[in-house]
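Residue numbers (this note's numbering): 32 to 118.
Please read the structure below before turning to the comments.
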Amino acid sequence: MNEIGTVDNILEFIEGVKNRIRKMSGLGHRVYKNYDPRAKVINKLAEEVFSIVGRDPLIEVAIALEQAALSDEYFVKRKSYPNVDFY
Numbered sequence: 032m033n034e035i036g037t038v039d040n041i042l043e044f045i046e047g048v049k050n051r052i053r054k055m056s057g058l059g060h061r062v063y064k065n066y067d068p069r070a071k072v073i074n075k076l077a078e079e080v081f082s083i084v085g086r087d088p089l090i091e092v093a094i095a096l097e098q099a100a101l102s103d104e105y106f107v108k109r110k111s112y113p114n115v116d117f118y
């Protein structure tokens with residue numbers, strides 16, 4: 032997330048991943064070919080924590096990156112859904 036910096040840089044970062052210039056960890060799993068069920072639990076718990084302590088600006092980048100990847104055919108076709116390492 033530090034490499035991306037801000038939400039405004041997400042599309043450029045995603046293009047870099049698709050062109051194999053950059054790497055993105057936290058998406059895809061060898062066993063879970065759909066959304067990692069553990070990631071859903073961690074995401075829910077993280078939202079509860081954020082409601083208490085607030086959000087770091089990089090969390091906003093992560094959420095926007097997740098949404099962008101889940102709506103991009105490149106990642107959807109490869110079944111690259113967030114895993115526990117993403118959160």
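Idealized CB from N, CA, C, for every residue including glycine.
- Glu97 sits buried, since 16 or more C-beta atoms from the chains shown fall within 10 Å of its C-beta.
- Counting other Cβ atoms within 10 Å of its Cβ, Leu58 reaches 16 or more and is therefore classed as buried.
- The alpha-carbon of Ser56 is positioned some 24 Å away from that of Glu79.
- Within the same chain, Arg53 come within 6 Å of Gly47 by CB-CB distance, once the 5 residues on both sides are set aside.
- For the pair Lys49 and Asp103, the Cα-to-Cα distance works out to about 10 Å.
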